[in-house]
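Residue numbers (mature numbering (1 follows the signal peptide of the UniProt record, and there is no 0)): -22 to -1, 1 to 398. Where a beta carbon is used, it is the ideal one built from N, C-alpha and C, also for glycine. Written below as structure tokens is the structure these notes are about.
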């Protein structure tokens, strides 16, 4: 009889251990994408498929991707889409890419204690978004600042389109006070387009230019610069887009200008070589036929899914996670959200964008960037920089305060002008 009691207790122990370390067989995660975001949706599905094919990450569970498409500039539709995903039982939300919709999703995720992962730069991300993780290197401006400082430019002009995007360059604005550098701002408008901007810059004798423009506009600006005779050995262009490496810049390879930019994706890493050297996308679900460049936000989205899956695995080793869902219609919260967020902050992994790690505020930290230059043989990596923001954090925040005030004033003026 005693032997049966021992066997029964042992079986009960095994059962308890199995329950303790268990995950649901199916784990639903939600993706929010704008109507034009086919490639990012394909990246999301690709990342989910890769996790499901890797027994080392979630061996007894599989991720299920739930997708909602958002109408542009519609907060009402965004709210409806988020609640639709929540109603389907998702336990994490990825995206969207638009600033307005992101703010609403952050708020909803925080209220329900659902992990929310972003892969784009956003002015509004703050410490109150306790359940939002941002993989975009928000402090990329530090690398830009140090590069310009090392070049000893006594003056430069920033060409930009959206005033809010200037917040990326608040570090750079410190040079106005630190080194008495003359900084001019030129905004693209319908009445003041790139050809007029460049002619005005040429009249003033400026040869150092920072391009804070959409990636799709970079070739247009360089083409206008070429027409204006501003791609000489005396001209320097620093391009802030992290997707510089995706462009075909062969028409400008033989120009004598110094044209440089940064890149966070790591094409020479082992992980990148295994996952994305032949990166292709298709328009049909899970059909990877049409070749497309690997953009930064696409790579970050893939890394975000991998980061979440690894955190999920880590939490499952210390507690059981049930398939319990939440709803926008009541105040109940997802009971595992806080543990998942804490686990995400502890994960260290290699991704398409190099070493992936976030700090206690949910911001990307300890990452590396490649300095790229356009040479006669194409885009070439000339330097790799490791950025350690923990050691610099307090100094950066204090020194940048005046710069931030200047930029916010510009943003406010632009909003007033648009209203009138």
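Taking all protein chains in view, the Cβ of residue 115 is crowded by 16 or more other Cβ atoms within 10 Å, so the residue is classified as buried. Excluding its 5 nearest sequence neighbours in each direction, residue 3 has C-beta neighbours in its own chain below 8 Å: 38, 39, 40, listed in chain order. With a cutoff of 7 Å on beta-carbon distance, residue 337 and residue 343 are scored as near each other. About 7 Å separates the beta carbon of residue 286 from that of residue 93, a gap short enough to meet the 8 Å contact definition.
Rounded to the nearest whole angstrom, the C-alpha separation of residue 132 and residue 354 is 28 Å. Proximity of the stretch 38 to 58 to the stretch 8 to 27 meets the contact definition, three or more beta-carbon pairs being nearer than 8 Å.
Here the C-alpha atom of residue 236 lies approximately 51 Å from the C-alpha atom of residue 314. As DSSP reads the structure, residue 236 sits in a beta bridge with 214. The beta carbon of residue 98 sits closer than 7 Å to those of 75, 114, 275, all from its chain and outside the five residues before and after it, given in chain order.
CA-to-CA, the gap between residue 10 and residue 65 works out to about 14 Å. CA-to-CA, the gap between residue 218 and residue 350 works out to about 11 Å. A contact between stretches requires three or more CB pairs, one per stretch, nearer than 8 Å, and the stretch 111 to 130 fails this requirement with the stretch 176 to 184. For residue 43, the secondary structure class from DSSP, reduced to helix, strand or coil, is strand. Secondary structure remark: continuous alpha helix (DSSP H) runs of at least 4 residues inside the stretch 270 to 348, in chain order: 274 to 294, 315 to 324. Listed in chain order, the beta strand (DSSP E) elements of length 3 or more contained wholly in the stretch 100 to 144 are 110 to 112, 133 to 138. In this model, residue 14 and residue 156 are separated by some 43 Å (Cα to Cα). Listed as beta-bridge partners of residue 358 by DSSP are 351.
A check of alpha carbon separations from residue 245 across 329, 127, 147 identifies 329 as the nearest. Within the same chain, Cβ atoms closer than 7 Å to the Cβ of residue 356 are found at 231, the five residues on either side in sequence being excluded.
In the DSSP assignment, residue 64 falls within the unbroken alpha helix (DSSP H) covering 53 to 65. In this structure the stretch 307 to 325 does not lie against the stretch 204 to 217, because fewer than three pairs of beta carbons, one per stretch, are closer than 8 Å. Secondary structure note for residue 79: its alpha helix (DSSP H) is the uninterrupted segment 77 to 90.
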